[in-house]
Amino acid sequence: MKKYFLYAVSGVSVGELFGLVFSLFFSYFYNLKDYVPSAPTFTDHFSRMLNAVLVSVILWGMMGLVFSFGALIFNIEDWSILKRTIINFIIYYCGFTPLAILAGWFPLNLINWLVFTGIFVMIYLIMWFINFYAVKQDLKKINRRLRQ
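Numbered according to full-length UniProt numbering, the sequence shown spans residues 1 to 148.
See the structure below:
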């Protein structure tokens, strides 16, 4: 139970950190006078910017939870790597997409959803291949040590 609590705290913390960093980046990138936690289509729903920031922090924390607990799938050793990857992808996509829509990261229409999905799949594949390569390198090191 303690392990899952630590996963939750870590996931929320990382999600909020990423959300804050990205929102600061885009506030500077668009040369805004004031900080905004998300796009105007999101912040316009709130009477106070402070409320928009609070809801954003909650959404960022929930995003962190999705990714933190979704990673636990790879601890199930009875499943093949392919099955773990597919289940992990489904959890990430189905958990993250509604939160990204709620956060105002893209308007809900077919074109934007397809673009979001394409970007999500590309980022997922890049991250998967990076992790696959890292594990492969670790296995080579272990095998070299075993041979010595």
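Built from N, CA and C at the ideal position, the CB exists for glycine as well.
Quantities reported herein were computed from a predicted structural model and do not represent experimental measurements.
Distance from the CA atom of residue 45 to the CA atom of residue 3, rounded to whole angstroms, is 37 Å. For residue 147, the enclosing alpha helix (DSSP H) begins and ends at 110–147. DSSP places residue 33 outside both helix and strand once states are collapsed to three, so it counts as coil.
In this structure, residue 72 keeps its C-beta atom at 9 Å or more from the C-beta atom of residue 15. Taking all protein chains shown into account, residue 82 has fewer than 16 neighbouring C-beta atoms within 10 Å of its C-beta and is therefore exposed. Around the CB of residue 37, 16 or more other CB atoms lie within 10 Å, so the residue is classed as buried. Residue 105 carries a coil assignment under DSSP once its states are collapsed to helix, strand and coil. Cβ-Cβ distances below 8 Å link residue 56 to 19, 23, 37, 38, 42 and 103 in the same chain, with the five nearest sequence neighbours on each side left out; the list follows chain order.
By the Cβ-count criterion, residue 114 is exposed, with fewer than 16 other Cβ atoms from all chains shown falling within 10 Å of its own Cβ.
DSSP places residue 26 in the helix class (H, G or I) of the three-state scheme. Cβ neighbours of residue 80 within its own chain (closer than 7 Å, five residues either side excluded): none.
Between residue 120 and residue 85, the C-beta spacing is not below 9 Å. As the crow flies, the alpha-carbon of residue 100 is around 14 Å from that of residue 118.
Look at residue 79 here: in three-state DSSP terms it is coil, with no helix or strand label.
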